[in-house]
Amino acid sequence: MPELPEVETYRRFLDDLVVAQTITALEVKDAKVLATDEDTLRRALTGRTITHTSRLGKNCFLHLDDDRVLVLHFGMTGDVGAYRDEPDAPRFTRLALHLADGLRIAFVDARKFGRIRLVEGVAQYQKAKKLGPDALDITAAQLQQALGARKPMIKPLLLDQSITAGLGNWIVDEVLFQARVHPERRAHTLSTTEFEALHAAIQLVLSTAIRHEATYRYFPASFLIHAREWDDSATPGTNNHIFCPRHPKIEIAKSYVGGRATYYCPKCQPPPPASE
Numbered sequence: 001m002p003e004l005p006e007v008e009t010y011r012r013f014l015d016d017l018v019v020a021q022t023i024t025a026l027e028v029k030d031a032k033v034l035a036t037d038e039d040t041l042r043r044a045l046t047g048r049t050i051t052h053t054s055r056l057g058k059n060c061f062l063h064l065d066d067d068r069v070l071v072l073h074f075g076m077t078g079d080v081g082a083y084r085d086e087p088d089a090p091r092f093t094r095l096a097l098h099l100a101d102g103l104r105i106a107f108v109d110a111r112k113f114g115r116i117r118l119v120e121g122v123a124q125y126q127k128a129k130k131l132g133p134d135a136l137d138i139t140a141a142q143l144q145q146a147l148g149a150r151k152p153m154i155k156p157l158l159l160d161q162s163i164t165a166g167l168g169n170w171i172v173d174e175v176l177f178q179a180r181v182h183p184e185r186r187a188h189t190l191s192t193t194e195f196e197a198l199h200a201a202i203q204l205v206l207s208t209a210i211r212h213e214a215t216y217r218y219f220p221a222s223f224l225i226h227a228r229e230w231d232d233s234a235t236p237g238t239n240n241h242i243f244c245p246r247h248p249k250i251e252i253a254k255s256y257v258g259g260r261a262t263y264y265c266p267k268c269q270p271p272p273p274a275s276e
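Numbering follows full-length UniProt numbering, in which position 33 of the sequence shown is assigned residue number 33; successive positions increment by one, without gaps.
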């Protein structure tokens, strides 16, 4: 599933190709991905120039020269691509923006859970979708203010997009591991120092993932993500990835927190007391 690092990678890819380009045509191959009806979208986009791109959480924005915004939300399997000739269109291309220089920008989505819509502005969209500040922009003080008095467990709260936008399941596990906080800790029990550690971990995890364009095998060996076994190239021919990077004899635990598969180190992230 595209998370914030993947979407930021998509945004940078698009930024290099579409800024200052005029949209000459809209090609819809499957209207299921449209959250704005096709005719409205075609009239609104054709002849418009893309001035810049931006991102909020898992949403990518193409800003038009009339101040309206095309929103790309990638769902579970969304991606972007570019091509010039129809035979080269990526498989599962659902929509293509034809640009004045002859390039076509593809919205690719195998399972068709992604959505494309036109909005009046980012602020309006953020309010309508009840999205909190972007995870890369939120401060430690904002994080503590939003969560410090809350009694639910910290992991589900960090996944709540209305609190901070962009943190997905594996990212939250990684953040909690790097901050040494157990996923079942109640938010109101965390100290200021622990909230500062969470904030620093959010910055570390997201910046690392973006730097490596969300290619997990390139993440540092000190990252918990390798225990998820999405890619075994970090520890080829061994099972080292299932043990804590800090404590090689401690096996990473897996449980379900808030209904989500959760990985953590029983030693680095001690469980909360039973009375909590």
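C-beta atoms are modelled at their ideal positions from N, C-alpha and C, and glycine is treated no differently. The structure displayed is predicted, hence computed values, not measured ones.
Quick check on the DSSP output: the beta strand (DSSP E) that includes residue 318 runs from which residue to which? The structure shown does not extend to residue 318, since the chain is modelled only from 1 to 276, so the question has no answer here.
Beta-bridge pairing of residue 153 - partner residues as DSSP gives them: 186
Looking only at its chain, what residues have a beta carbon closer than 8 Å to the beta carbon of residue 179, apart from the 5 residues adjacent to it on each side? 194, 197, 198, 200, 201
Straight-line Cα distance separating residue 144 from residue 266: A direct Cα-Cα distance of roughly 24 Å separates residue 266 from residue 144.
Where residue 23 falls: helix, strand or coil (DSSP): strand
Any idea if residue 245 is buried or exposed, counting beta-carbon neighbours within 10 angstroms, 16 or more meaning buried? Buried, because 16 or more other Cβ atoms sit within 10 Å of the Cβ of residue 245.
Option in 11, 223, 215, 91 with minimal Cα separation from residue 70: 11
For residue 52, is the classification buried or exposed, using 16 other Cβ atoms within 10 angstroms of its Cβ as the cut-off for buried? exposed
With residue 205 as the anchor, note down where its beta strand (DSSP E) starts and where it stops. Per DSSP, residue 205 belongs to no beta strand (DSSP E); it is in the alpha helix (DSSP H), 192-211.
Report yes if the CB atom of residue 100 is closer than 8 Å to the CB atom of residue 24, and no otherwise. yes
For residue 177, does the three-state DSSP call read helix, strand or coil? helix
Of the residues 73, 63, 106, 65, the one placed nearest residue 83, counting alpha carbons only: Cα-wise, what sits closest to residue 83 is 106.
For the beta strand (DSSP E) holding residue 53, just list the boundary residues, first then last. 50-56
Buried/exposed call for residue 230, threshold 16 Cβ in 10 Å: exposed
Using beta-carbon positions only, say whether residue 30 and residue 94 come within less than 8 Å of one another. yes
Contiguous beta strand (DSSP E) assignments of at least 3 residues, all confined to the stretch 94-166: 104-109, 115-119
Stretch pair the stretch 164-184 + the stretch 60-77: three plus CB contacts closer than 8 Å: no
Between which two residues does the beta strand (DSSP E) harbouring residue 92 extend? No beta strand (DSSP E) contains residue 92, which DSSP labels as neither H nor E.
Smallest Cα separation from residue 151: which of 219, 190, 134? 190
Please list, in chain order, all residues of the same chain as residue 161 whose beta carbon is under 7 Å from its beta carbon, the five residues on each side excluded. Sequence-distant Cβ neighbours of residue 161 in its own chain, meaning closer than 7 Å and more than five residues away, are 57, 131, 132.
For the beta strand (DSSP E) holding residue 256, just list the boundary residues, first then last. 253-257
Once DSSP output is grouped into helix, strand and coil, what is the label at residue 238? coil
Check for me: the beta strand (DSSP E) holding residue 262 runs from which residue to which? Start and end: 260-264.
Kindly list the residues whose CB is nearer than 8 Å to the CB of residue 116, restricted to its own chain and excluding five residues on each side of it in sequence; keep chain order. 33, 34, 35, 36, 41, 70, 71, 72, 73, 95, 107
Where the beta strand (DSSP E) through residue 62 begins and ends: 59-64
Quick check on this structure: which residue in 247, 153, 121 has the alpha carbon closest to the alpha carbon of residue 183? 153
If you measure between the beta carbons of residue 50 and residue 18, is that distance less than 8 Å? With contacts defined as CB atoms closer than 8 Å, residue 50 and residue 18 qualify as a contacting pair.
Nearest candidate by alpha-carbon position, reference residue 250, set 2, 264, 256: The shortest C-alpha separation from residue 250 is found at 264.
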